[in-house]
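Novice:
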Amino acid sequence: MASARPQPLSISGFTVLPALYNKSTTHCIYARVHEQTKSKATDALPGGRTLFLVNVPPDATERQLSLFFNYAGTVERVEFHGDPTADVAEEDASMSSSEESEAEQDVEKRPPEVVPLPTVPLRTLRRSGQNCHVVFLDSSSVESALASSHIQRPRPWPSDPEVPTGLSHYLAQYDAIRPPLDVIREHARTSMDLYDYQKQKDKQKSKYKKGEAIVDEDGFTLVTRGGAYGKTLGGGIAVADKKFVTEVSKGKRAKKKKEKREKETFYAFQLHEKRRKGAHYAVVHVFVLIPSSATLDLQAKFKQDVEKIEAQKAKRRFKPY
Amino acid sequence: MLQIDSLVPSVRPKFDRSVLEHFLRTLYETISSIPAVAPQHPLSASRTLLRADVATPYATPLPTEETNWKVAFQPPANITVVGSWANKLSVKPKDGERYTVDLAVQMPNELFQEKDYLNGRFFHKRAYYLSVIAAHIKKHLLVDLFYDSTNSDPRLPSLIIESKDGSKLDFSGAKARIRILATLAQDSPISLKHVDSNHCNIRVPSSPNDAPTHRYNDALLQSTTAVPHLLSTHETKKTVDSFSDALALLRIWANQRGYCRGKGGWSILGFEDRGPFWLGLLELMIKGDASMRGSKSRVKPVGRGLSSYQLFKATIGFLARHDFVKEPVYLKDADLGNASISGPKDLAVFVTASSRSNLLSGVPLSSLEMLRHDAQSTLEILSRDISYDDPFSAVFLEDMRHASERFDVVIGVDLSSSHAKKRTEIHELDAGSSGEFILSSMASILRHGLGNRAKAVPLLRRSSTARELSHPHPFTPSIIQIGFILDPTNAFLLVDRGLSVEEAEKDTEFRDFWGNDKTELRRFKDGRILECVVWEAKTVDEKAHIPVLIAKHLLRHHFGIEEASVFTWQPSFDALIRLPKAIGEVYSRLGSSVSKGFRDAISAFDSLVKQIKQLEDLPLSVATISPVHSALRHVSVFTPVAISSSASSALPPWARYIPAMDIIIEFEKSPRWPDDLVAILKMKLAFFEHVARSLTKAVKGLTARVVVDNPSPSASFQDCGRLEILTPEGWAFSASIWHGREATLLDRLVEGEPNRPFAPKPSPREKQAAVKAKETYVRQFIAAPSHHRAISNLCYRYPGFSGTVRLAKRWFASHWLLDVHISQEAVELICAKMFVGDGTGLSEDFDNSKNQVGAPVTKERGFAVVVHFLASWEWQTGLNVPLYGKAEVPTSQGSAGSPGAWVIRTSEDPSGKMWTSNGPDAVVARRIAAFAKATWNRLQGDPYSFKDISVLNAHPITEYDFIIHLETATLPRSYENASVRIQGVETGQQIKSSKSERRPGFDPARLFLDDLRTIYEDTAIFFYDCFGGDKIGGVWLPGLRVPKPFKVRERYSSAPVHRVSNKKERKKTPDVVLNESAIVAEIERMGHGLIKSITVHQK
């Protein structure tokens, strides 16, 4: 296979970094210098010293990648793609910290801190063929990492003894997702506190205020339901009910009116057509004898049935044995 | 109607009759020109014929040297074509056999005397007559000649002529064979009135003359009926237009159910050659029971203008209701009817005007009961709502002879060692041969012995084939099958009751019947002391064996058939869903402290509910707790077992799996819940923690832990907490909390909020997550509980249902599909379909509802039905399961986007994708059909031809691209695998005990598999047996092994290759191809400790 022939060193702009899994097996990582996007001024990744990697092993850890690029220089950090802050606890923490800065401007109250659930250094298994960015400390490391002298011979893929694999990984995971009750209690309590705090704040910010009309940019007042006591506008104005609003928004109501505008048996030709079709009609003034079997609809239905049977016959459905 | 119009022509002979007519003319001349043979002693006459290699089919009682009458031959008085061919009523026989043209050769009256009805003299004379014709034709015409016997009765021989290739008389184009019957004229000297009534016409020195010989008499009478029958049928056919079509329908229906001859399948005993019966039946329907005297229920004639289908349905309705024993049917004309047949009480009588003889003579009652049962289930299908399924194909087009799906229990019996212990010569002679006698007495004994346990116990045999002229007598089959249609209410009772003590002293019938060693006296609750027979059965499995036990006992007691000659699949089916012996021994060593079984599991659940409800310090009180796990509805493959800590340490590490049973807790409604999805999840965590804490305090020995699954970031609304409870007895539960508000909140995210225009708009990502979360929410909290209730209802209603589902699940699992590609609920729904029919009666109360007649009673049959269904299911059309009672057929279209190919609709789930949205996809669905076909072919075999049913579940592994062999000794579920042989199990070694923590629901192989499936979602498909499979099979997705240009977004591990350079250097960039070896190495690394080795199949 791939190992039988000398491997190409680069492919559509990417340099191929072979990583040796074992004596005979080579994995290929594709690497390129990270190009900073122009539109995104706030690119978190520093240009020049970042390497963009494609097809990183699914079980790769930051440490493994650092060890792998040992030859080029020191790795500052690794950012895996499509993997935004994997942990809930982390997310909560970052959320609260970002709130923090805002809260300080608004003064008043500090948001409550959330006690995170404990995290165990577990290997995160990502999808095969994943991308990631490796940020080096030094910009020269990028060049050296891609230098052909280093990549011609496959380098062994390092192992990370700190995080377990296989059976022990699952054992550790099993225990990790069953944290002690105290921690859960604290976590739940503080989360609820945070929720209450935010609700309070949202209320302050919200455009919906008790007893106040909502006026939009054009100066129109939005008429909404005011709840049990009609708080919005002092009553007197009929407001569409919820069901109506929902239906309108889904486009159900609009069509209804358009139906059946025209009378169907107004003109003689319509009457004639309808009779031919054999439909029931109530608005007939003229007494006509219709041969019932000759009506078009019935004929069509019969034809359909015959066709169906023919199709089944073709499939030899009617041979019982 | 259209369907019938297309069906009927396909079973009619369609060819030019001239070829055949030419041959018949030749035949006529040949037979007419046979020279007369002077009267001579029967034995010497047969010796003369034997020189020409033609045996004379004398029947018992055989003529001896002392006989003083003579046999002779004279040219026939008349030769006519009779039967269905003459009336153009022929219906194509089963299994590609030829049409039969009946030729009645009337023997001249001079050959007979008045007393010829005695001792089989008539039959001997006829046998000689026929053999002379045979010898002559053999000499003069180039055709194949055989003997045949109607209904395997040696007294009714006939001569079969088939065309021979290369002869100038070749009529093979007609696809017909000619059957020569030697008949008797109506005005023959034989005194027919002696035969007509209940006379005994075989004189046996040992027995009195009063036992009437019905079969003998009827056999004789049959020889006179051919021509009158022809005429009367012709008459009826002329008056009723739809007669011939209705007859065709009836014959097709009967043929499909084995009331016919056929090479391929088993025929129901007594119905092999009953052409006149079906004709007579239709005649009865049309003319009514004209001259019935003194009967309460007369058969009223149906209108003559009925269509063929209506006539057919009326006939089926009649068969479904009528009992030919209790109400014998006479269609005699007034002048013929003298005495009615009154014999032993178990005799079915059906005499038509033209036939005079009993059309049901020699038909065992059990076969008739089978006919009635078939008619009942057909009637049920015909009266069903057409929209659920097409009744037409079920009634006419499908071959229903497969014993495994037709009978609740099938046993194969080797008759070679059988001998009737109780025999009377006269009965044996009446039956025609000893083989026939054994069969008919076996049928009646089994019928009597099983009593109301079974609705029908027909005997089935391979139909006899035509034999060479040198063989005078029909073969008695050495192997027969006995099918049981069980009555679920009585079938599995432990005790058969007999007479009370006082009566028993006078009457030994009961003891004789069951044998002295089997009967015992017992005192019952109502104070009576009765003779009874008790069958040993401790478990549910053993109880299901009782009917077979009875049959085995009776066969041994009455016919000397040892158990080794009786074959059944039941035990090996049981083994499929039972834990291995070694594990069972560990449990039994632990004694009664181990609670196991479905009932214990459910009571453990009930007590847990009580305990939770009793907790006092909860902020909200618990409203309901509903079970949603298969073990709590009797349909998990293995009977659940509680693993206490002592049991756990006694068990080897590969048998310590404790399945956690899912339950759903619903708290009372409260406005205090937060109105935010994430906050609700946190609130749930708080509740879990609270319940866990107080439950551990309240119940001693109980452990409860909160599990916070690591949710994938894309699904932050996903319910990620669970409460894991391990009871002191060792039952594990996994509880979730249902909060109704979540649905509204999720809907808001999905559909937006028109009412609150200024509310923050959800991001597309949130929206996507919400859609997914909503799906899971509906499945977990709304669909699952209602599904659970419906299924457990079915389990109580149908005793065979639970076992069927368990076998079906095991089957799916052993083909590496269950749980991985097919949800357990989908399997349960498919199985339910086989039981509920169109859902009538399901919605009624349990007590006054009636079950479907055709529903399987045992798991073996249920399994066969399911497999057959899967093999023939056109899954593109979907399936409607009326699980919640008879309801409107939902016809909404499923969501097109989901990968699942199956559509299983219920009234609660009109889209039909609730349990199948995650698979099987089209590829897997096709695989299932292929596996089902293979299994179905196996199941059509006979119980004695292969005994080990586990081959049904043998899974071919060569199709996979790579196989991951797992380290079975470390996996806690290995013991569930039927094929895994772990060292120490077979050798009976003492299992080393070691201490370890109990981990409910810990299944590393499964976790590993799930990881693999997400990691390599775009690389390969994985297959695995979720019941302790020792291998994971993988198939690369198609198209990946072809080199392709490199793309950053490709989600599979690749390696660059040089382009094959036939177009020189046009594109310089090399292609990439799937890096198989690297992926395999990755898998091996990630599964360290779980994997023994990986083999890659090179193709």
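Chains as they are written, first to last, in my numbering: chain A, 3 to 323; chain B, 15 to 1113. Cβ atoms here follow ideal geometry from the backbone N, Cα and C, with glycine treated the same way.
Is the shortest distance between the beta-carbon of His135(A) and the beta-carbons of chain B less than 8 angstroms?
Specialist: As a position in the first sequence, residue 135(A) is number 133, starting the count at 1. No - not a single Cβ of chain B is within 8 angstroms of the one on His135(A).
Novice: Between the segment 255-273 of chain B and chain A, which residues of the former have CB atoms less than 8 angstroms from a CB of the latter, in chain order?
Specialist: For the segment 255-273 of chain B, which is checked against every Cβ of chain A, the residues closer than 8 angstroms are Ile266, Asn269, Gln270.
Novice: Does Ser130(A) pass the burial test, meaning 16 or more other C-beta atoms within 10 Å, or should it be called exposed?
Specialist: The count along the first sequence starts at 1 and reaches residue 130(A) at position 128. The residue is buried, with at least 16 neighbouring Cβ atoms inside 10 Å.
Novice: Closest by CA to Glu680(B), which one among Pro667(B), Gln628(B), Ser750(B), Val642(B)?
Specialist: Position 666 of the second sequence, counted from the first residue, corresponds to residue 680(B). Nearest C-alpha to Glu680(B): Ser750(B).
Novice: Whose C-beta lies closer than 6 angstroms to the C-beta of Ala240(B) among residues of the same chain, with five residues either side of it excluded?
Specialist: Indexing the second sequence from 1 puts residue 240(B) at position 226. Excluding residues within five positions, the ones whose Cβ falls inside 6 angstroms are Val96, Ala118, Thr197.
Novice: Where Pro23(B) and Ala100(B) are concerned, what is the direct C-alpha to C-alpha distance, given to the nearest angstrom?
Specialist: Taking the first residue of the second sequence as 1, we reach residue 23(B) at position 9. Taking the first residue of the second sequence as 1, we reach residue 100(B) at position 86. Approximately 17 angstroms, taken between the alpha carbons.
Novice: In the DSSP assignment, find the unbroken alpha helix (DSSP H) run with Val427(B) in it and report its ends.
Specialist: To locate residue 427(B), count along the second sequence from 1; it is residue 413. Where Val427(B) is concerned, there is no enclosing alpha helix (DSSP H), although the beta strand (DSSP E) it sits in stretches over 423-428.
Novice: How many angstroms separate the CA atom of Leu127(A) from the CA atom of Phe82(A)?
Specialist: Reading the first sequence from its first residue, position 125 is the one you call residue 127(A). Reading the first sequence from its first residue, position 80 is the one you call residue 82(A). Taking the straight line from one Cα to the other gives about 11 angstroms.
Novice: Going by the beta-carbon positions, is the gap between Arg875(B) and Glu383(B) smaller than 8 angstroms?
Specialist: The residue you call residue 875(B) lines up with position 861 of the second sequence. The residue you call residue 383(B) lines up with position 369 of the second sequence. Cβ distance not < 8 angstroms, so Arg875(B) and Glu383(B) don't count as in contact.
Novice: Buried or exposed for Glu888(B), please, with buried defined as at least 16 other CB atoms from any protein chain shown within 10 angstroms of its CB.
Specialist: Translated into positions along the second sequence, residue 888(B) becomes position 874. Exposed, by the Cβ-count rule.
Novice: Name the chain A residues that come within less than 8 angstroms of Tyr142(B), Cβ to Cβ?
Specialist: Start at 1 with the first residue of the second sequence, and residue 142(B) comes out as number 128. Under the 8 angstroms cutoff, chain A gives no residues; its nearest Cβ is about 38 angstroms from Tyr142(B).
Novice: From Tyr161(B), Ala50(B), Val471(B), Ile300(B), pick the residue whose C-alpha is nearest to that of Ala91(B); which is it?
Specialist: Start at 1 with the first residue of the second sequence, and residue 91(B) comes out as number 77. The shortest Cα separation from Ala91(B) among Tyr161(B), Ala50(B), Val471(B), Ile300(B) belongs to Ala50(B).
Novice: Counting only beta-carbon atoms, is Lys25(A) nearer than 8 angstroms to chain B?
Specialist: In the first sequence, the residue the question calls residue 25(A) occupies position 23. Not closer than 8 angstroms to any Cβ of chain B, the Cβ of Lys25(A) fails to qualify, so no.
Novice: Just curious, the beta strand (DSSP E) that Ser432(B) is in, first and last residue?
Specialist: As a position in the second sequence, residue 432(B) is number 418, starting the count at 1. Per DSSP, Ser432(B) belongs to no beta strand (DSSP E) and is neither H nor E.
Novice: Any beta carbon from chain B within less than 8 angstroms of Asp299(A)'s own beta carbon?
Specialist: Within the first sequence, the letter at position 297 stands for residue 299(A). It does not: the Cβ of Asp299(A) has no partner Cβ on chain B nearer than 8 angstroms.
Novice: Among Thr223(A), Gln154(A), Ser68(A), Lys207(A), which has the Cα closest to the Cα of Ser143(A)?
Specialist: Mapped onto the first sequence, residue 143(A) falls at position 141. For the residues Thr223(A), Gln154(A), Ser68(A), Lys207(A), the minimum Cα distance to Ser143(A) belongs to Ser68(A).
Novice: By Cβ distance, which residues of its chain are closer than 7 angstroms to Ser644(B), with the 5 residues on each side in sequence left out?
Specialist: Taking the second sequence and counting its residues from 1, the one referred to as residue 644(B) is at position 630. Hits under 7 angstroms: Ser650, Gln838.
Novice: What residues in the segment 1083-1099 of chain B bring their beta carbon closer than 8 angstroms to a beta carbon of chain A?
Specialist: Answer in chain order: Thr1083, Pro1084, Val1086, Val1087, Asn1089, Glu1090, Ser1091, Ala1092, Ile1093, Val1094, Ala1095, Glu1096, Arg1099.
Novice: By how many angstroms is the C-alpha of Ala408(B) removed from the C-alpha of Ala938(B)?
Specialist: Counting from 1 along the second sequence, the entry for residue 938(B) is found at position 924. Counting from 1 along the second sequence, the entry for residue 408(B) is found at position 394. Note on identity: in this sequence residue 938(B) is Val, with Ala being the wrong assignment. Those two C-alpha atoms are separated by around 27 angstroms.
Novice: Quick one, are the C-beta atoms of Arg719(B) and Glu738(B) less than 8 angstroms apart?
Specialist: Indexing the second sequence from 1 puts residue 719(B) at position 705. Indexing the second sequence from 1 puts residue 738(B) at position 724. Yes; because the gap between Cβ atoms is below 8 angstroms, this pair is in contact.
Novice: Please classify Asp631(B) as buried or exposed, where buried requires at least 16 other C-beta atoms within 10 Å of its C-beta.
Specialist: Position 617 of the second sequence holds residue 631(B). The residue in question, Asp631(B), is exposed, as its Cβ has fewer than 16 Cβ neighbours within 10 Å.
Novice: For His254(B), which of Arg265(B), Thr638(B), Ser205(B), Pro315(B) has the nearest alpha-carbon?
Specialist: The sequence position of residue 254(B) within the second sequence is 240, counting from 1. The displayed chain sequence assigns Val, not His, to residue 254(B). It is Pro315(B).
Novice: Thinking C-alpha only, which one of Ser921(B), Ala86(B), Pro673(B), Arg824(B) is nearest Lys873(B)?
Specialist: Within the second sequence, numbered from 1, the residue matching residue 873(B) stands at position 859. Selected option, being the one with the closest Cα: Arg824(B).
Novice: Report back the beta-carbon spacing between Ile204(B) and Glu128(B) to the nearest angstrom; my notes put them in contact at under 8 angstroms.
Specialist: Here the question's residue 204(B) lines up with position 190 in the second sequence. Here the question's residue 128(B) lines up with position 114 in the second sequence. The pair is a contact, with the Cβ atoms about 6 angstroms apart (cut-off 8 angstroms).
Novice: Taking the Cβ atom as the reference point for each residue, do Leu124(A) and Ala190(A) lie within a distance shorter than 8 angstroms?
Specialist: Stepping through the first sequence from its first residue, residue 124(A) is reached at position 122. Stepping through the first sequence from its first residue, residue 190(A) is reached at position 188. Contact: no.
Novice: Provide the residue(s) that pair with Met675(B) in DSSP beta bridges, ordered along the chain.
Specialist: Walking along the second sequence from the start, residue 675(B) turns up at place 661. Note: Met675(B) sits in a beta bridge opposite Phe747(B).
Novice: Among Glu266(A), Glu309(A), Asp195(A), Val80(A), which residue has its Cα nearest to the Cα of Met697(B)?
Specialist: Reading the second sequence from its first residue, position 683 is the one you call residue 697(B). When each option's Cα is compared against that of Met697(B), the closest is Asp195(A).
Novice: Using a 10 Å radius around the Cβ and a threshold of 16 neighbouring Cβ atoms, would you call Ile13(A) buried or exposed?
Specialist: Within the first sequence, residue 13(A) is the residue found at index 11, counting from 1. Ile13(A) is buried by the Cβ-count criterion.
Novice: Does chain A have any CB closer than 8 angstroms to the CB of Leu235(B)?
Specialist: Along the second sequence, read from residue 1 onward, the residue named residue 235(B) stands at position 221. With 8 angstroms as the cut-off, Leu235(B) does not count as an interface residue toward chain A.
Novice: If you draw a straight line from the alpha carbon of Ala915(B) to that of Pro166(A), how long is it in whole angstroms?
Specialist: Within the second sequence, residue 915(B) is the residue found at index 901, counting from 1. Within the first sequence, residue 166(A) is the residue found at index 164, counting from 1. One C-alpha to the other measures close to 38 angstroms.
Novice: I need the DSSP call for Ile216(B), collapsed to helix, strand or coil.
Specialist: Within the second sequence, numbered from 1, the residue matching residue 216(B) stands at position 202. Note: Ile216(B) maps to coil in three-state DSSP.
Novice: Along the segment 168-187 of chain B, what residues have a CB closer than 9 angstroms to any CB found in chain A?
Specialist: Under the 9 angstroms Cβ criterion, the segment 168-187 of chain B contributes no residue.
Novice: Are any of the Cβ atoms in chain A nearer than 8 angstroms to that of Val764(B)?
Specialist: For the purposes of this step, residue 764(B) is taken as residue 750 along the second sequence, with counting starting at 1. Not closer than 8 angstroms to any Cβ of chain A, the Cβ of Val764(B) fails to qualify, so no.
Novice: Which of the three DSSP states, helix, strand or coil, is assigned to Lys207(B)?
Specialist: Start at 1 with the first residue of the second sequence, and residue 207(B) comes out as number 193. In this structure, Lys207(B) counts as helix in the three-state DSSP scheme.
Novice: Go through the segment 95-159 of chain B residue by residue and report every complete run of the alpha helix (DSSP H) that reaches 4 residues or more, in order.
Specialist: For the segment 95-159 of chain B, whole alpha helix (DSSP H) runs of length 4 or above, ordered along the chain, are 97-100, 135-154.
Novice: Judging by CA-CA distance, which residue of Thr329(B), Leu483(B), Asp1044(B), Tyr791(B) is the nearest neighbour of Ser828(B)?
Specialist: The residue you call residue 828(B) lines up with position 814 of the second sequence. Residue Asp1044(B) is the option with its Cα nearest to Ser828(B).
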